[in-house]
Structures are given as C-alpha cells and as structure tokens.
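Protein chains in written order, with the numbering used here: chain S, 249 to 449; chain G, 249 to 449.
Positions of the beta carbon are idealized from the N, C-alpha and C atoms, including for glycine.
First up is the structure itself, then whatever we jot down about it.
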DNA sequence: TGATTTTTTTGACATAGGGCAAAAGAAAAC
DNA sequence: GTTTTCTTTTGCCCTATGTCAAAAAAATCA
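Printed below as a string of structure tokens:
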C-alpha cells in the first residue's frame with residue numbers, strides 16, 4: 249500500500265464490511281447511505297480497561313465495535329452497576345450526549361482490547377436524523393435496546409437470582425464467558441458472592 | 249353539525265390539536281405530516297377495564313390517548329406484572345405487532361374510561377417508516393420509553409422498596425394517584441402488602 | 001340502599017439474598 | 001519467576017421483603 253500525501257483516516261469498504269453486514273440485519277441500508285456513514289469514520293484501537301465514555305464528560309464520539317467487548321455502567325454510591333455489554337457489531341454511544349446535549353451519566357469501558365470505528369456524535373446525529381434509511385436503522389437500534397432492557401426488567405421482577413443468571417447465560421453465552429463475574433453480578437442485580445455461589449451450584 | 253352522506257370517521261384538526269401539541273414536544277412535526285397522520289385516525293371510546301391489546305391476539309390497532317389512562321402488563325405464572333402506564337398524549341401499541349408481525353406478549357387495558365384516536369398498525373408503520381419527520385418522531389418515542397425503563401431498572405437494582413416507591417410517586421404523581429395500589433406494586437416489583445405498609449409509613 | 005365483589009390493610013411467620021471479612025486463586029507487573 | 005494486585009470463593013449472621021390468610025374498607029352492582 250502506498251502512502252498518500254494527505255494523512256488519511258478513511259475506512260475502506262473492506263474494513264467496514266463486517267459492521268455493514270451487521271447493520272443490515274437491523275434495517276436494509278443502501279450502499280450509498282453506508283458510504284456516507286463510512287466517510288465519517290476513523291479506525292481506532294483501545295487496550296483493556298480504557299474508558300470510552302466518562303460520566304460528566306462530553307467526549308463527543310460514538311464507536312462501531314469491530315473486535316472486542318465493552319460494558320456500560322453507572323456509579324451509584326461508589327458502586328459500579330453494569331447496565332449493558334456491547335460486542336462486535338454493536339454501537340457504543342451515550343444517549344444523553346447524542347440527543348440531549350448533556351454530559352453522559354454513564355461510563356463505558358473496554359473489557360477486552362477493542363478495534364472500533366469512531367464517529368463524532370455530531371456526524372452521527374446528522375446522519376441518523378437526516379437520512380431516512382439511517383433514521384430507520386437507528387430507530388431499530390433503539391428498539392432492540394428497549395426490548396433487551398424490557399426483558400431484563402421483566403426477569404428482574406419475576407425470577408429469582410439463579411434463574412435470572414441462567415436466562416442471561418442462555419441469551420448471551422459469549423458475554424457470559426468473557427465478562428468478569430463481578431460485572432455480570434451487578435448487571436443481574438445480585439452480589440458477586442451470590443453469583444459465585446450460584447455458579448458453584 | 250350536519251350529517252354527511254358518507255359515514256365519516258375523520259378526526260378534525262381541532263379534536264386532534266392536543267395530541268398534536270404533545271407530539272411536537274417529542275419532535276418538530278410539520279402540519280403536512282400531521283395531516284397525513286390525522287387522515288388515518290378514527291375517534292373511539294372505551295369504558296373502564298377494557299382490553300385494548302390482548303396477549304396472543306393481533307388486534308391490528310394502536311391508540312393515541314386523548315383522555316384517560318391505560319396500563320400494560322404481562323401475565324407471568326398467573327400473576328399480572330405491570331410494565332407501564334400511559335396517559336393523555338401517550339401512544340399505546342404493541343411493539344411485537346407493529347414491527348415484528350408477532351402477536352403481542354402484553355396486554356393493555358384501560359384503567360379509566362378512555363377517549364382515543366385509533367390507527368391501524370399498518371398505517372402507523374407505513375407513516376413512521378416512510379416519512380422522515382414521523383420516523384424521527386417515532387424514534388424519540390422509543391427513546392423516551394427506553395429512558396424510562398432504563399431509569400426504572402436502575403432504581404430496581406439500587407434502591408430499596410420504599411425509595412423506589414418515593415421515586416415513582418415523585419416522577420409520576422398523577423399515575424400514582426389514579427392507579428390501583430396493586431398495579432403500582434407490581435410495577436415496582438413488590439407485593440401489595442409491602443406497598444400498603446410503605447404507604448402507611 | 002343494601003348486597004356483592006374487589007381492593008386494601010394488618011398480622012404472624014419464613015427465606016432469599018445482602019453485608020462483611022478472610023482465605024484462596026488468578027492475573028498482571030516488575 | 002516472584003511479587004503485587006485484582007478477583008473469586010466461602011462462612012456466618014442478619015434484615016428486607018415475601019407468603020399466606022383473615023379482617024376491614026371501598027367500589028360496584030342490582
């Protein structure tokens with residue numbers, strides 16, 4: 249590959265292919281809409297345990313994950329409460345920042361080394377509010393998140409700790425293997441001692 | 249008002265004004281988009297304790313509430329678990345039915361007599377996927393629901409029963425007055441005995 | 001209005017899961 | 001490869017909230 253005169257941060261269609269295929273599972277986005285999106289992306293990498301989003305700080309970026317896993321959490325009374333995990337194909341962003349111009353209330357950190365495509369929240373907002381295909385795609389993203397949390401909330405209300413864990417393990421086997429016990433426990437609303445006992449049978 | 253030759257179900261701009269104003273709080277929808285929507289509406293009324301959405305049944309309608317209140321619930325092991333309340337200005341629909349062509353997993357019933365504008369899910373889907381303004385408006389609706397349940401879930405994970413009730417009462421004072429103790433209790437994930445004791449101080 | 005049904009309140013008792021702390025084990029750093 | 005740090009496991013005790021049931025109150029109906 250020859251180096252160009254200008255420093256290029258452009259992401260090739262090839263590099264973007266996997267993420268694009270994932271997006272199309274949510275909503276049929278045309279090549280031209282994808283190209284518009286791709287033009288706004290920058291490839292980036294992060295080590296383990298790096299903060300992508302910080303509470304109270306407007307970092308101004310969102311990330312399409314290509315490799316690795318992240319978790320989102322609040323800190324409540326000094327305790328971390330995990331609210332979601334994102335893996336390959338996921339979009340990591342702060343809704344407060346994207347739509348409300350507020351500083352994020354959540355943190356997002358990498359759980360593993362991450363390869364991602366960064367986009368500024370301004371570009372993401374412009375694209376996902378101004379292009380019908382991308383607006384629909386984004387709506388489906390929100391819809392899916394809503395369904396996940398709705399289900400999780402239902403399980404919280406109706407299942408005891410062991411069954412919540414079993415449901416989680418069945419629905420997200422990969423996350424269940426890759427995340428720390430402590431983080432899974434706080435996601436499920438139980439203590440790590442209890443989860444450890446559950447795993448021990 | 250004179251009766252026309254054709255049976256008319258058209259909703260006048262005047263009747264629709266309050267709902268329209270509510271919609272514009274979510275997203276700036278133009279008069280023309282609102283008129284397209286309005287053309288698909290039919291005014292309707294329901295008594296107290298009527299089912300608007302039934303589990304396993306595709307009723308094919310969604311409702312813009314103009315007066316009254318509804319609650320959505322699952323039945324889990326014979327127990328009703330309330331998942332949301334909707335009041336004036338709210339849109340009542342089954343996401344399973346609207347986007348996934350599935351029978352609803354939830355029930356929605358009126359808690360009070362309700363005046364609403366009905367729309368078929370087919371029309372609603374067509375409008376909210378095909379018109380940029382209405383797509384954005386619908387995205388905000390989903391976003392807001394997501395934020396509500398996210399908050400509720402956070403409270404479930406971090407607050408004891410009394411404080412969850414207090415947070416609910418502070419955030420939804422009107423719902424808290426109008427809904428039955430039993431339904432609020434199941435929304436909060438506690439038994440009615442416990443909520444009764446909490447209220448008694 | 002009185003009769004019936006539904007909802008709320010109250011009591012006695014049981015238990016899932018929390019809190020804390022120490023030990024064991026695993027991973028990271030040097 | 002040894003040391004340090006982080007994470008998980010385990011034990012003991014405790015309390016918030018559940019369960020069940022009956023009485024009281026409120027709402028609905030005839």
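Residue closest to residue 355(S), alpha-carbon to alpha-carbon, out of 381(S), 399(S) and 331(S): Here residue 355(S) refers to the residue found at position 107 of the first chain. Minimum Cα distance to residue 355(S) is reached at 331(S).
Apply the 10 Å Cβ neighbour rule to residue 392(G) and answer buried if 16 or more other Cβ atoms are within range, or exposed otherwise. Stepping through the second chain from its first residue, residue 392(G) is reached at position 144. Residue 392(G) is exposed by the Cβ-count criterion.
Quick check: the segment 257-264 of chain G against the segment 285-298 of chain G, are at least 3 beta-carbon pairs closer than 8 angstroms? yes
Using 8 angstroms as the limit for Cβ to Cβ distance, is residue 329(S) near chain G? For the purposes of this step, residue 329(S) is identified with residue 81 of the first chain, where counting begins at 1. Chain G contact via Cβ: present.
Expressed to the nearest angstrom, what Euclidean distance is found between the alpha-carbon atoms of residue 382(G) and residue 373(G)? The residue you call residue 382(G) lines up with position 134 of the second chain. The residue you call residue 373(G) lines up with position 125 of the second chain. Residue 382(G) and residue 373(G): Cα-Cα distance of roughly 10 angstroms.
Between the C-alpha atoms of residue 347(G) and residue 402(S), what's the straight-line distance to the nearest angstrom? For this step, residue 347(G) is matched to residue 99 along the second chain. For this step, residue 402(S) is matched to residue 154 along the first chain. Cα to Cα, the separation comes out at about 20 angstroms.
Cβ neighbours of residue 443(G) in the same chain (closer than 6 angstroms, five flanking residues each side left out): As a first step, residue 443(G) must be located in the second chain, where it is residue number 195. Same-chain partners within the cutoff: 429 and 433.
Assigned secondary structure, residue 262(G) (DSSP; H/G/I helix, E/B strand, else coil): Locating residue 262(G) in the second chain gives position 14, where the first residue counts as 1. Residue 262(G) falls in the helix class under three-state DSSP.
Please work out which residues of its chain come closer than 8 angstroms, Cβ to Cβ, to residue 491(S), disregarding the five sequence neighbours upstream and downstream, and give them in chain order. Because residue 491(S) is not part of the residues shown, which for chain S are 249 to 449, the question remains open.
Quick one: Cα of residue 317(G) to Cα of residue 363(G), how far? Counting from 1 along the second chain, the entry for residue 317(G) is found at position 69. Counting from 1 along the second chain, the entry for residue 363(G) is found at position 115. Distance between the alpha carbons of residue 317(G) and residue 363(G) is about 9 angstroms.
Range of the contiguous beta strand (DSSP E) that encloses residue 379(G): As a working mapping, residue 379(G) is identified with position 131 in the second chain. Note, residue 379(G): premise wrong, no beta strand (DSSP E); not H, not E.
Where the alpha helix (DSSP H) containing residue 442(S) begins and where it ends: Looking up residue 442(S) in the first chain gives position 194. Element bounds for residue 442(S): 440-447.
Could you list the residues in the segment 398-411 of chain G with a C-beta less than 8 angstroms from some C-beta on chain S, going in chain order? 398, 400, 401, 402, 404, 405 and 406
Extent of the continuous beta strand (DSSP E) to which residue 356(G) belongs: Within the second chain, the letter at position 108 stands for residue 356(G). Start and end: 355-358.
Residues of chain S with CB closer than 7 angstroms to the CB of residue 322(G), please, in chain order. Numbered from its first residue, the second chain carries residue 322(G) at position 74. In chain order: 402.
With DSSP as the reference, please indicate the residues paired to residue 366(G) in a beta bridge. Against the second chain, residue 366(G) aligns to sequence position 118. 290(G) and 311(G), per the DSSP bridge assignment.
In chain order, which alpha helix (DSSP H) runs of at least 4 residues are fully inside the segment 395-437 of chain G? 409-419, 421-426 and 429-436
Compute the Euclidean distance between the alpha carbons of residue 446(S) and residue 376(S), then round it to the nearest angstrom. Numbered from 1 along the first chain, position 198 holds the residue referred to as residue 446(S). Numbered from 1 along the first chain, position 128 holds the residue referred to as residue 376(S). Approximately 42 angstroms, taken between the alpha carbons.
Our contact map puts residue 336(G) next to residue 297(G) with C-beta atoms below 8 angstroms; I'd like the distance itself, whole angstroms only. Locating residue 336(G) in the second chain gives position 88, counting from the first residue. Locating residue 297(G) in the second chain gives position 49, counting from the first residue. The Cβ separation is near 19 angstroms, so there is no contact.
I'd like the list of long-range same chain contacts for residue 438(S), defined as Cβ closer than 6 angstroms, with 5 residues on each side in sequence excluded. For the purposes of this step, residue 438(S) is taken as the residue at position 190 of the first chain. Answer for residue 438(S): 409, listed in chain order.
Roughly how many whole angstroms lie between the Cα atoms of residue 345(G) and residue 301(G)? Indexing the second chain from 1 puts residue 345(G) at position 97. Indexing the second chain from 1 puts residue 301(G) at position 53. C-alpha separation (whole angstroms): 10 angstroms.
Quick one: measure Cβ to Cβ for residue 275(S) and residue 423(S), integer angstroms, because I've assumed they're closer than 8 angstroms. The count along the first chain starts at 1 and reaches residue 275(S) at position 27. The count along the first chain starts at 1 and reaches residue 423(S) at position 175. Their Cβ separation, rounded to whole angstroms, is 23 angstroms, which puts residue 275(S) and residue 423(S) out of contact at 8 angstroms.
Going along chain S in order, which residues have a C-beta closer than 8 angstroms to the C-beta of residue 391(G)? Counting from 1 along the second chain, the entry for residue 391(G) is found at position 143. Within 8 angstroms Cβ-Cβ: 343, 347 and 390.
So, for residue 413(G): in the same chain, excluding its five sequence neighbours on each side, which residues have a beta-carbon less than 7 angstroms away from its beta-carbon? For the purposes of this step, residue 413(G) is taken as the residue at position 165 of the second chain. Cβ neighbours of residue 413(G) beyond the five flanking positions: 436, 443 and 446.
Return the CA-CA distance between residue 271(S) and residue 385(S), expressed in angstroms with no decimal places. Your numbering for residue 271(S) matches position 23 in the first chain. Your numbering for residue 385(S) matches position 137 in the first chain. Distance between the alpha carbons of residue 271(S) and residue 385(S): 8 angstroms.
The segment 423-447 of chain G: which residues have C-beta closer than 7 angstroms to a C-beta of chain S, in chain order? 437
Under the three-state DSSP convention, the category residue 393(S) falls into: For this step, residue 393(S) is matched to residue 145 along the first chain. In this structure, residue 393(S) counts as helix in the three-state DSSP scheme.
Which residues of chain S have a Cβ atom closer than 9 angstroms to the Cβ of residue 282(G), listed in chain order? Start at 1 with the first residue of the second chain, and residue 282(G) comes out as number 34. In chain order: nothing, as chain S lies at least about 18 angstroms away.
Span separating the alpha-carbon of residue 328(S) from that of residue 321(S): The residue labelled residue 328(S) in the question sits at position 80 within the first chain. The residue labelled residue 321(S) in the question sits at position 73 within the first chain. Residue 328(S) and residue 321(S): Cα-Cα distance of roughly 6 angstroms.
Can residue 339(G) and residue 310(G) be called in contact, C-beta distance under 8 angstroms? Sequence index remark: in the second chain, residue 339(G) carries index 91 (1-based). Sequence index remark: in the second chain, residue 310(G) carries index 62 (1-based). Yes, they are a contact pair.
Does DSSP put residue 350(S) in a helix, a strand or coil? Looking up residue 350(S) in the first chain gives position 102. If DSSP states are grouped into helix, strand and coil, residue 350(S) belongs with coil.
Selection from 394(S), 324(S) and 360(S) that minimises the alpha carbon distance to residue 426(S): The residue given as residue 426(S) occupies position 178 in the first chain. Comparing Cα-Cα distances from residue 426(S) to each of 394(S), 324(S) and 360(S), the minimum goes to 360(S).
7 angstroms Cβ cut-off: residues of chain S touching residue 350(G): In the second chain, the residue the question calls residue 350(G) occupies position 102. Correct list: empty, because the minimum Cβ distance to chain S is about 12 angstroms.
Mapping DSSP to helix, strand and coil, what is residue 319(S)? Position 71 of the first chain holds residue 319(S). The answer is strand: DSSP assigns residue 319(S) an E or B state.
Identify, in the order they occur along the chain, each residue of the same chain with its Cβ nearer than 7 angstroms to the Cβ of residue 350(G), setting aside the five sequence neighbours on each side. By one-based count along the second chain, residue 350(G) stands at place 102. Closer than 7 angstroms at Cβ, skipping near neighbours: 344.
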